[in-house]
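Asks: I am attaching a structure below and will ask some questions about it afterwards.
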């Protein structure tokens with residue numbers, strides 16, 4: 037997904053570094069903003085491919101890969117960034133959360149990644165390219181009251197990263213994941229928080245050193261720079277199958293994600 041947050045920031049960074057970029061998302065207006073930001077850092081119009089689609093639909097990942105290869109002649113990097121976090125309106129916790137939430141998040145957060153990767157392998161093998169999965173520290177072994185299914189999808193994504201890395205390196209394709217902590221993205225608004233509530237929460241986490249020892253929350257550019265680094269073989273050739281945490285030290289403290297620490 038490229039229509040906001042980490043995806044938008046990453047697309048802009050790639051564009052600024054001269055890459056030809058395919059941007060995808062369901063929101064046409066948001067995707068136009070992403071394209072505008074890419075053009076603002078020097079990208080040429082013909083080097084930005086805009087595809088409005090829902091990656092949760094079975095045929096969409098392969099279609100996006102095909103259109104990318106048709107336009108640009110090949111594929112060097114696949115960034116699996118699309119992800120959703122859905123909350124139960126009735127706020128049922130843990131395993132009581134309804135199954136439709138589980139199904140929707142699995143479809144986008146994990147199944148789509150498998151489909152994108154499958155479709156990309158023949159092209160990435162030709163270029164000895166890279167796959168970067170965008171996971172989360174939510175996938176690590178801590179109990180999360182309200183985000184149980186989201187955490188499960190990210191744990192699954194982490195394991196998928198390891199398994200595909202071991203397999204695809206035989207074909208010259210490197211696979212890694214980035215696992216962000218608290219990042220200022222649109223996901224908070226999608227969880228139902230208004231702008232004031234989002235900023236209040238971010239400020240609270242960012243100034244509480246028991247939550248984020250660095251003393252500030254991350255930005256979309258924070259993760260984007262790491263994704264760009266992992267995509268560049270000249271910089272990260274020897275990094276394979278790693279889950280790289282980028283959280284300002286949150287996991288060191290262990291309190292933000294642990295239900296039992298509250």
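Numbering (the working numbering), first residue to last: 37 to 298.
Glycine is no exception: its CB is placed at the ideal position from the N, C-alpha and C atoms.
(1) Run through DSSP, which three-state label would residue 179 get?
(2) Assign residue 263 to one of three DSSP states: helix, strand, or coil.
(3) I think residue 194 touches residue 175, with their Cβ atoms under 8 Å apart; what is that distance to the nearest whole Å?
(4) Measuring CB atoms only, is the segment 87-100 touching the segment 61-76, in the sense that at least three cross pairs come out at less than 8 Å?
(5) If you draw a straight line from the C-alpha of residue 133 to the C-alpha of residue 98, how long is it?
(6) Grab me the residues of residue 148's own chain with a C-beta within less than 7 Å of its C-beta, minus the 5 sequence neighbours each way, in chain order.
(7) Could you check where the beta strand (DSSP E) with residue 106 kicks off and where it finishes?
(8) Around the C-beta of residue 45, are 16 or more other C-beta atoms found within 10 angstroms, so that it is buried, or is it exposed?
(9) For residue 267 versus residue 69, is the C-beta distance shorter than 8 Å?
(10) Taking the C-alpha atoms as reference points, what is the distance between residue 108 and residue 126?
(11) Taking all protein chains shown into account, do 16 or more other C-beta atoms lie within 10 angstroms of the C-beta of residue 286, making it buried, or fewer, making it exposed?
(12) Does the distance from the CB of residue 38 to the CB of residue 67 come in under 8 Å?
(13) Apart from the five residues just before and just after residue 264, which ones in its own chain have a Cβ nearer than 8 Å to its Cβ?
(14) Does the separation of the CB atoms of residue 120 and residue 144 fall below 8 Å?
(15) Report the rounded CA-to-CA distance for residue 42 versus residue 260, giving the unit in angstroms.
(16) Return the first residue and the last residue of the beta strand (DSSP E) that residue 210 is part of.
(17) When the Cα of residue 186 is compared with those of 138, 80, 57, 211, which residue comes out closest?
(18) Express the C-alpha separation of residue 214 and residue 257 in angstroms, rounding to a whole number.
(19) Within this structure, are the beta carbons of residue 216 and residue 135 separated by less than 8 Å?
(20) Since residue 198 contacts residue 277 with CB under 8 Å, what's their CB separation in whole angstroms?
(21) Is DSSP giving residue 281 helix, strand or coil here?
Replies: This is what the structure holds:
(1) As a first step, residue 179 must be located in the chain shown, where it is residue number 143. Assignment of residue 179 by DSSP, reduced to helix, strand and coil, places it in the coil class.
(2) For the purposes of this step, residue 263 is identified with residue 227 of the chain shown, where counting begins at 1. Correct three-state label for residue 263: helix.
(3) Residue 194 sits at position 158 when you count from the first residue of the chain shown. Residue 175 sits at position 139 when you count from the first residue of the chain shown. Between residue 175 and residue 194 the Cβ distance is about 5 Å, and since that is below 8 Å, they are a contact.
(4) The answer is yes - the segment 61-76 touches the segment 87-100, with three or more Cβ pairs under 8 Å.
(5) Taking the first residue of the chain shown as position 1, residue 133 is located at position 97. Taking the first residue of the chain shown as position 1, residue 98 is located at position 62. Cα to Cα, the separation comes out at about 31 Å.
(6) Numbered from its first residue, the chain shown carries residue 148 at position 112. Excluding the 5 residues flanking it on each side, residue 148 has same chain C-beta neighbours closer than 7 Å at 91, 92, 97, 118, in chain order.
(7) The count along the chain shown starts at 1 and reaches residue 106 at position 70. It is not in any beta strand (DSSP E) - residue 106 instead sits in the alpha helix (DSSP H) that spans 96-108.
(8) Numbered from 1 along the chain shown, position 9 holds the residue referred to as residue 45. Classification for residue 45: buried.
(9) Counting from one through the chain shown, the residue named residue 267 turns up at place 231. Counting from one through the chain shown, the residue named residue 69 turns up at place 33. Not in contact: residue 267 and residue 69 (Cβ atoms no closer than 8 Å).
(10) As a first step, residue 108 is located in the chain shown; it is residue number 72 there, counting from the start. As a first step, residue 126 is located in the chain shown; it is residue number 90 there, counting from the start. Take the alpha-carbon of residue 108 and the one of residue 126: they are about 46 Å apart.
(11) The residue given as residue 286 occupies position 250 in the chain shown. With 16 or more Cβ atoms within 10 Å of its Cβ, residue 286 is classed as buried.
(12) Residue mapping note: residue 38 aligns to position 2 of the chain shown, counting from 1. Residue mapping note: residue 67 aligns to position 31 of the chain shown, counting from 1. Yes, Cβ-Cβ distance for residue 38 and residue 67 is below 8 Å.
(13) Within the chain shown, numbered from 1, the residue matching residue 264 stands at position 228. Excluding sequence neighbours, residue 264 sits near 46, 49, 50, 53.
(14) As a first step, residue 120 must be located in the chain shown, where it is residue number 84. As a first step, residue 144 must be located in the chain shown, where it is residue number 108. Yes; because the gap between Cβ atoms is below 8 Å, this pair is in contact.
(15) Counting from one through the chain shown, the residue named residue 42 turns up at place 6. Counting from one through the chain shown, the residue named residue 260 turns up at place 224. Whole-angstrom Cα-Cα distance: 6 Å.
(16) Here residue 210 corresponds to residue number 174 of the chain shown, with the count starting at 1. 210-216 is the span of the beta strand (DSSP E), which, as asked, contains residue 210.
(17) The residue given as residue 186 occupies position 150 in the chain shown. Nearest C-alpha to residue 186: 138.
(18) Locating residue 257 in the chain shown gives position 221, where the first residue counts as 1. Locating residue 214 in the chain shown gives position 178, where the first residue counts as 1. Cα to Cα, the separation comes out at about 13 Å.
(19) Mapped onto the chain shown, residue 216 falls at position 180. Mapped onto the chain shown, residue 135 falls at position 99. Not a contact, by the Cβ cut-off of 8 Å.
(20) Position 162 of the chain shown, counted from the start, is the residue given in the question as residue 198. Position 241 of the chain shown, counted from the start, is the residue given in the question as residue 277. Yes, they are in contact, since the Cβ atoms of residue 198 and residue 277 sit about 5 Å apart, within 8 Å.
(21) Here the question's residue 281 lines up with position 245 in the chain shown. DSSP places residue 281 in strand when its eight states are reduced to three.
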